[in-house]
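First up is the structure itself, then whatever we jot down about it.
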Amino acid sequence: MAEINMVQAVNLALARALEDDPSVVVLGEDVGINGGVFRATEGLYNRFGQDRILDTPLAEALIAGMSVGMAAAGLRPVSEIQFMGFIYPTIDQLECHASRLRNRTRGRLSCPMVIRAPYGGGVHAPEHHSESREAMLAHIPGLRVVIPSSPSRAYGLLLAAIRDPDPVVFLEPKKLYRANAEHVEDDGIALPMDTGFVLREGDDVSLVTWGAMVQESFAAAATLSTRGIEAEIIDVSTLNPFDPEQVLASVEKTGRCVIIHEAVRTGGFGSEIGATIAEHGLMSLLAPVKRVTAPDTVVPLAKLESCFMPGADSIVQAATDLMAYS
Amino acid sequence: MAEINMVQAVNLALARALEDDPSVVVLGEDVGINGGVFRATEGLYNRFGQDRILDTPLAEALIAGMSVGMAAAGLRPVSEIQFMGFIYPTIDQLECHASRLRNRTRGRLSCPMVIRAPYGGGVHAPEHHSESREAMLAHIPGLRVVIPSSPSRAYGLLLAAIRDPDPVVFLEPKKLYRANAEHVEDDGIALPMDTGFVLREGDDVSLVTWGAMVQESFAAAATLSTRGIEAEIIDVSTLNPFDPEQVLASVEKTGRCVIIHEAVRTGGFGSEIGATIAEHGLMSLLAPVKRVTAPDTVVPLAKLESCFMPGADSIVQAATDLMAYS
Amino acid sequence: MVSREPELEIPFHRFIDEVGQVVQKLPGFATDPQNLVPLYRAMMLTRVFDERAVGLQRTGRLGTYASSLGQEAVGVGVAAAMRDQDVLLPSFREQGAMLWRGVSMKELLLYWGGDERGSDFTKARSDFPICIPVGTQFSHAAGVAFALKQQGVDAAAVAVAGDGATSKGDFYEAMNITGAWRLPVVFVINNNQWAISVSRTKQTAARSLAQKSVAAGILGLQVDGNDVVAVKQTVSEALERARHSCVATVVEAVTYRLTDHTTADDASRYRSDEEVSKHWQYEPVRRLRQFMENNHAWSSADEEALQKQVASEVETAIQAYLDSDAPAAGSMFDYLYKNPPKSLANQRDHIVTRAADDG
Amino acid sequence: MVSREPELEIPFHRFIDEVGQVVQKLPGFATDPQNLVPLYRAMMLTRVFDERAVGLQRTGRLGTYASSLGQEAVGVGVAAAMRDQDVLLPSFREQGAMLWRGVSMKELLLYWGGDERGSDFTKARSDFPICIPVGTQFSHAAGVAFALKQQGVDAAAVAVAGDGATSKGDFYEAMNITGAWRLPVVFVINNNQWAISVSRTKQTAARSLAQKSVAAGILGLQVDGNDVVAVKQTVSEALERARHSCVATVVEAVTYRLTDHTTADDASRYRSDEEVSKHWQYEPVRRLRQFMENNHAWSSADEEALQKQVASEVETAIQAYLDSDAPAAGSMFDYLYKNPPKSLANQRDHIVTRAADDG
Ligand SMILES: Cc1ncc(C[n+]2csc(CCOP(=O)(O)OP(=O)(O)O)c2C)c(N)n1
Ligand SMILES: Cc1ncc(C[n+]2csc(CCOP(=O)(O)OP(=O)(O)O)c2C)c(N)n1
Ligand SMILES: [Mg+2]
Ligand SMILES: [Mg+2]
C-alpha cells in the first residue's frame, strides 16, 4: 500500500469507522460532495450516501448541539468544524452538554461524539485559520482533547475517538496535513488515548510537545544530537485527560524539560505540564523547566506568521540553555 | 458612610462611571428595572434612564457582539452576563473580535468594553451557576481578565476596567457578593490592573490565589499562624495579562508556594503560575509547588458542592506539607 | 417603498374559553368530557406539587425552584399529546410534562434539591434531563429527530422552552435545520409573557413568536396555552405532521406566569399586581374544571376526593425525598467518563477522604 | 389542521432586466443614464481588481482571495446608497463596496497579502474591517447603530454577508434586537446561491432569505442583485427608513457567484458548468453597459478608454503593494493593548531579536 499523508489517514479512519459501525455519521460544512475543504471527507459521500455524510447549514453551534442530540439518541456523530477559528460557538454545547450528559444523568444518557477540526498555523492561511486554542478545551472536565502528530497516529487515534463512549475533540495540525507521508495499515486498530507517545528516547533533555511541534522537536533533536545532546521526545497526544506519569517518568530520567507548543504562552497547555513538574517532579530537575511557545499576541497575518511560530531553532536554544545547568 | 458588600461596591462603581462618563452604558438581561438578579445594577435604571441602562433580549452572543459594535463606535458598554455558566456564547466575539479589533486595524478601531459576570460556587445555586472557567478566557491575548476579592477592590478595579481602552472580562466571585462588608470610599479612584495585591505578608509560604479563595486563604493563614507559620497572600487579581514578577518575588522570599483556585485543576490558571515558578523561580524553591484546586470533574449540584470546593482545610494541609521540606 | 412588515396570518387555536365555554367543535378525544379527567388531574398534581416545592424551598429543604403556576396546561397538554417513544427535551419549568411522562416527583425533588440522581429517570429513560442554559436544547431536539428518522423510529422530538428562549441564536439554527433536513420536531414555546423581568414585548418586535418559524420555512401557530384541550390537540397534529411528513412546527402556547420567575425572584419589582390579577381570570385549572362541571363530568365531591388524593401523593413523594440518603462524595467522579483515566482515581480518593474527615 | 407555511409576500425589486431593458419606472438618480457611469466604472474596477488579485494569488504573490465575479452590482450598489457617516460592516467578498467607500486597492492587497496595515484604512476610518468569521458582524452592526442613535448621528449601519451567513444564530439575534430596540440597520444578504459547496436550497427551507426578517418583526425584501440600480435604490430606501424611523430591513440581493468560492476552492467539484454558464447571461456588468448603450450614454470608445484607465489604476496599486516594505516583526505586539503590560515587552524583544537573527 502506498504511503499516505495525515489528511488521507483521517479519511481512511473515517471510512473504516463508517464501514464498521452503521451508527457513525459524518457531518459538517462542505463535508459532502466537496469532500471537506481539506478533503478529509473526500469520497465518503459517494461511498456512504447522503444519509450518513451530511452537509450542514453554516452554523457551528448547531453542529455541536445536533451532535449531542444524535449521540444521546444512539448515533455516533463525527463532525467537522472547518477551522479551529470557528470552533468557539461550539464551546457552549461542549461545556454545558456534551461533557456533562453522562454525569448529569448518572449514566442514563451519554454523548459518544467527535468534533474534528484542523488547527494551528504554518500554511499562510487568512485570519482565524491558524489558531491553537486547545488549552481552552482541555480545561473542560468530561471532554477528551486529542491531537495526532503523524498519519498513523491520526488513523489510530481517530478510530479510538470515534469508538469512545464519551465526547472527543480531535484537533488536526494542519501544517502536518500533507507533510511526512507514511505507510498506514488500514487494520482498524485504535491507538490508546489518555496517554502520550514516547517518540524518541534520550537521556539529556525531555522535549514535551504535541501536534505540529513534534516535527520541530525532531528537527531540534537531530541538531542537538550532533552536539552530543540526546533528547527524549514525548508527544502528549491526549491533553485532557492528561497523563502526568509519562512526563514525570521522562523528566526523572533526563532532569531537564522543554515544553513546546504552538499556542500562545499564557494559559497554554504547557503551563499544566510545567506546573505538574513543579509539583511532582521538582526533585528530579537539574535545571529550570522551559517553555517554547508562541508569544502572547494574536496570530499575525501571513507575512509575520513565521516570526510568530516557534520552531526548531528556539527548541535547540532552550535545550542548550538547560544543558548549562548540571 | 456605611460599610458595603461587594455587590454594592460594584453598583457604586457602575454609578460613578455612568455619572462621570456619558459614553458608559450598562446592558444585559434584567439589568434594568429589576436591577440585575444579584442587584448589582439596582437603582441605575431609575437614575440614568432607559437609554443607558438597557435590558437586552435573552442572547449572550448578541450582548458581546453588540458591545463590540458599541465600543468601536465610541461608547463604553458595560454588560452583565447573568452567570459565568452562560458566558460561553460570548467567547466567539471575545476571541474573534473584542480582543483583536485594535490589533487588526493597527489601532484605527478599538474595543473599550467590559463584560461582568458573577462566577464561582458556594451559594448552592442550580447547575451552570457555579463554574470557574476563568482560565479559558485568560488564554485569549488582547483580553484582560480581572477578578476582585473584596468590596473596595471590586470598586477600584471595576472603575479601572471601565476606563481602560481595551476589553476586560470582570469576574465577580459570587460567594463574596454579600460577605465581608467594608467601608468603600466613593472617590472615583481606580486600582491598578495587570498586577496583583500582596494582601498579607509572611516569610514562610506564599499563598497565590484570587477571587473567593482569598477568603479561604486568609482563614488558612490565621490557622497557620497559630502554628508558627506565616503565610504571604497574593491576590493575583488580573489573570491576563499576568504579572509573573510579583509571584516570583514572593516565592523568592518564602521558598514555598501554594496556588489555590476554585477552578478545576487541569488547565486551571494555577498551572500558569506553577509553570512560571518552574521556569523562573526554581532556584528559590525550598519545596515543590502545590496546587489546591477543585477536582477535574463537573461542579456537582448543591448537595456535594462543599465537597467539591477547595477550602481553608486543604490550604492549611498543603502549606503544612511544604513546611516539612527545608 | 415598502414600509410595513409583510402580511402574514398565524392561526390561533382555542376550544374552551376562559369561562369554560366551547368556542369550536371539540376534537375527538374531548367529546366525552370524562376523557379530560386525567388531564385535569395532572394539572392539579402539577399545581400542588409546585406549591409544595416552593414551600420546601422557603423552609430551606430545596434549592431554587421554578414554579409553573398558571402554565400547567402547557406541560400537561404537550405531554398528553406525545407517545412513549417520542422524546421530550424540557426546560426547567416543565414539571407538568415531565410528571406525565413518568418522571417521579421524588426525582424532580432530588434534582432541585441538588442531587444528580434526580435526572436518572426510572421511566422516560430516553427523555432529556432539565435544561438550564436557555435554548440550548433546541439543537439537541434536531439531533434526536435526525437519529429517530435515520433509525426508522416512528417518533418525534419535542423541545419546550420559554418566550425568552426565542431570542437565542440556537432556536433559529435548530429551526432552520429541521426545515432544510425535514426533521420530525415540534418546538413548543411556552410563552408566559416574561423572561424573568423582560416582558414579551421587550423581547422581540415580532407580533407573534410563532411567526419566527417563517425564517426557517417551517410551520408556526399559536395556541391558547391555558386551554389544555387546545394544547393537546395542536401538539398532536404537529406531532402527526412531524412523524408522517417530517414537517416541523413551532407551537407558541400563549399563557402567563402567575408567580415569581423562581423562588430567587421577586416579580413585584417589575410588574404590577393588576396585571397578575387580570391573568388569574384566564388560568387553566379552573377553566377546565368549569368546563367539566358545565358538562356534568365533575362534582365538588370529585374535586374534594382529587384534592385529597393529590395532596397525599405529593406528601408521600416529599417524604421519600426527605428520607433519601445523601449522595456519596465519590459519585461526582463516577459518571464523568465511561472509561475514566487513572489520574481521576487519585482525585476521587482525595475528595472521598476529605469528605469522610469532615464527617 | 394547518399543513402549509403561512402565506406571505416578499417584494422583489428590479429596474433593469438581463438585456438592459427597463421594467419599471427608474428612480430619480437613474433617469439620466450618465449618472450611472460612476457605478459602471466602479463595477468594472472591481471586476478587473478581482481578476488581477486572483492572478497574484496564482503566482504566489497574494494569499487566498475571494473574488466577487458576477456580484459586483451588490457591493457597488450598496456602497453607492450609503452616506459617508453611515458605517459599513463587510464580509470578505465586498471589495466592490469597500473600494467605493474609499478603501484603497493597495490596502485590500496588503490585507489579502497578509499584512494588518491593510485594515488601517486611510479613508472610511469608521468602517469595520473585513470580517472572516461568517455572520459575526451582524451584532456589531446592531451595536454601531445603537451608538449612532444614542449619539444623535443621522446615520445607519450596513452589514453585508452571504446566504450562508443567514444560518448563523448571530444573524437572528442581531435582527431581533434591531426590531426590539428600533435600531438603524440595513442587513444586506449577498445571496450568491452558494456557501462554498452548499447551495442556497440546502442551506434553508425558507423560500426567500428576506423572509427571515419576519422572525424579528423587521422588514425584508428581495432585490435583483445583478441590477445595480435596483440595489442602490432599495438600499437607499432601507437606509432612509433606518435613519428616519429606525426601522431595520433585510435586503436580500439575489445574485450568483460566477467563480470559485476562493482561490483555495474548486467549484467544479460540486456544481455544473451548465449552471454557471446560464448565470453568465444575467451578470451585472454587461447588463448595465447594455442599458447605457441602449440609451446612448456609452460607446465602444468609452469602454475602451475605461478599460485602459482601470487597468492602469489597478496596475499602479499592485505595484505599490508589491513595493511596500515588509511589516516589522515587533508590530504584532504594538496594537494588542493600548497600555501593554511589562511582560509583553520581553516577549516582543525576543521575537524581534529572533526575526533579526533570521535575516
Ligand atoms: C443562556 C442563559 N442565559 C441566562 C439564563 C438565566 N435565566 C434563567 S431563566 C431566564 C429567563 C428565561 O425566560 P423564558 O425563556 O421566557 O422562560 P421562563 O423562565 O419564562 O419559563 C434567564 C435569563 C439562563 N438560564 N441561560
Ligand atoms: C463561522 C464560520 N464558519 C465557517 C467559515 C468558513 N467559510 C468561509 S466562507 C464560507 C461560506 C460562506 O458562505 P456565504 O455566507 O454564502 O458567503 P459567500 O462566501 O458565498 O460570499 C465558509 C463556510 C467561516 N469563515 N466562518
Ligand atoms: Mg417566559
Ligand atoms: Mg454565498
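Protein sequence lines correspond, in order, to chains A, B, C and D. To convert, note that position 298 of the first sequence is 298 in the numbering used here; the numbers rise steadily by one, no gaps. To convert, note that position 4 of the second sequence is 4 in the numbering used here; the numbers rise steadily by one, no gaps. To convert, note that position 165 of the third sequence is 165 in the numbering used here; the numbers rise steadily by one, no gaps. To convert, note that position 258 of the fourth sequence is 258 in the numbering used here; the numbers rise steadily by one, no gaps. Positions of the beta carbon are idealized from the N, C-alpha and C atoms, including for glycine.
Let me check you understand the geometry: is the CB of G70 (chain D) closer than 7 Å to at least one non-hydrogen atom of ligand 4? no
Please look up how many angstroms separate the CB atoms of I273 (chain B) and V247 (chain B), rounded, as I've assumed it's under 8 Å. 6 Å
Taking Cβ-Cβ distances below 8 Å as the criterion, which residues of the segment 262-275 of chain A are in contact with chain B? Among the residues of the segment 262-275 of chain A, those with a Cβ less than 8 Å away from any Cβ of chain B are A263, V264, T266, G267, G268, F269, G270, S271, E272, I273, G274 and A275, in the order of the chain.
Among B:T105, B:V236, B:V146 and B:T223, which one has its Cα closest to the Cα of I115 (chain B)? Residue B:V146 is the option with its Cα nearest to I115 (chain B).
Does the distance from the CB of R243 (chain C) to the CB of A155 (chain C) come in under 8 Å? yes
How would you list, in chain order, the residues of chain C whose beta-carbon sits under 8 Å from the beta-carbon of A180 (chain D)? K202, Q203, T204 and A205
For R16 (chain A), is the classification buried or exposed, using 16 other Cβ atoms within 10 angstroms of its Cβ as the cut-off for buried? buried
If you follow the beta strand (DSSP E) that R200 (chain B) is part of, which residue opens it and which one closes it? F197 to R200
Between A61 (chain A) and chain C, is the shortest Cβ-Cβ distance under 8 Å, so that the two count as touching? Judged by the 8 Å Cβ criterion, A61 (chain A) is in contact with chain C.
According to DSSP, is S245 (chain D) helix, strand or coil? Three-state DSSP puts S245 (chain D) in a helix.
Give me the Cβ distance between L288 (chain C) and M43 (chain C), rounded to the nearest whole Å; I'm assuming they're in contact under 8 Å. 7 Å
Buried versus exposed call for H183 (chain B) [16 or more other C-beta atoms within 10 Å across all chains shown]: exposed
R116 (chain B), DSSP secondary structure in three states: strand
Look at the alpha carbon of N11 (chain A) and the alpha carbon of Y177 (chain A), and state the distance between them as a whole number of angstroms. CA-CA distance, N11 (chain A) to Y177 (chain A), rounds to 11 Å.
Taking the alpha-carbon positions, what's the V223 (chain D) to Q193 (chain D) distance? 14 Å
Of all the CB atoms in chain B, is at least one closer than 8 Å to the CB of Q150 (chain D)? Yes, its Cβ sits closer than 8 Å to a Cβ of chain B.
Members of the segment 156-180 of chain D near chain B, C-beta cut-off 8 Å: A157, G169, D170, E173, A174, N176, I177 and A180
Can you determine whether any heavy atom of ligand 2 sits closer than 7 Å to the C-beta of A360 (chain D), and answer yes or no? For chain D, the structure presents residues 1 to 359; residue 360 (chain D) sits outside this window and is missing.
Those residues which DSSP pairs with S290 (chain A) across a bridge: Correcting the residue type first, residue 290 (chain A) is Lys in the shown sequence and not Ser. In the DSSP output, where bridge partners are listed per residue, K290 (chain A) has A:V258.
Rounded to whole angstroms, what is the Cα-Cα separation between R354 (chain C) and M323 (chain B)? 21 Å
Output the boundary residues of the alpha helix (DSSP H) element that contains I132 (chain C). Where I132 (chain C) is concerned, there is no enclosing alpha helix (DSSP H), given that its DSSP letter is neither H nor E.
Compute the distance between the beta-carbons of E94 (chain D) and Y282 (chain D), then report whether it is under 8 Å. no
For the beta strand (DSSP E) containing Q222 (chain C), name the first residue and the last one. L219 to D224
With distances taken from CA atoms, which of B:V289, B:H128, B:V25 and B:Y155 is nearest R100 (chain A)? B:H128
Would you grab the beta carbon distance between G225 (chain C) and A320 (chain C) for me? Rounded to a whole angstrom, and I think it's under 8 Å. Incorrect: roughly 31 Å between the Cβ atoms, too far for contact.
Between the CA atoms of E305 (chain B) and S150 (chain B) - distance to the nearest angstrom: 23 Å
Kindly list the residues whose CB is nearer than 7 Å to the CB of V54 (chain D), restricted to its own chain and excluding five residues on each side of it in sequence; keep chain order. Y65, S67 and T263
Distance between P184 (chain C) and L36 (chain C) (C-alpha atoms, nearest Å): 27 Å
Quick one: residues in its chain with C-beta nearer than 7 Å to the C-beta of A249 (chain A), no 5 flanking neighbours on either side, listed in chain order? none
Please list the partners that S197 (chain C) has in chain B, where partner means a Cβ-to-Cβ separation under 8 Å. D30, G32, I33, N34 and D55
Taking its Cβ as the centre, do 16 or more other Cβ atoms sit within 10 Å of I189 (chain B), making it buried, or is it exposed? exposed
List, in chain order, every chain B residue whose beta-carbon is nearer than 7 Å to that of R125 (chain D). Per Cβ cutoff of 7 Å: R108.
Check: G162 (chain D) C-beta below 7 Å from any heavy atom of ligand 4: yes
Near ligand 2: L58 (chain A) beta-carbon under 7 Å from a heavy atom: yes
Around the Cβ of S217 (chain A), are there at least 16 other Cβ atoms within 10 angstroms (buried) or fewer (exposed)? buried
Separation of S271 (chain A) from L383 (chain D), as counted between CA atoms: One cannot answer for residue 383 (chain D) here, as it falls past the ends of chain D, which runs 1 to 359.
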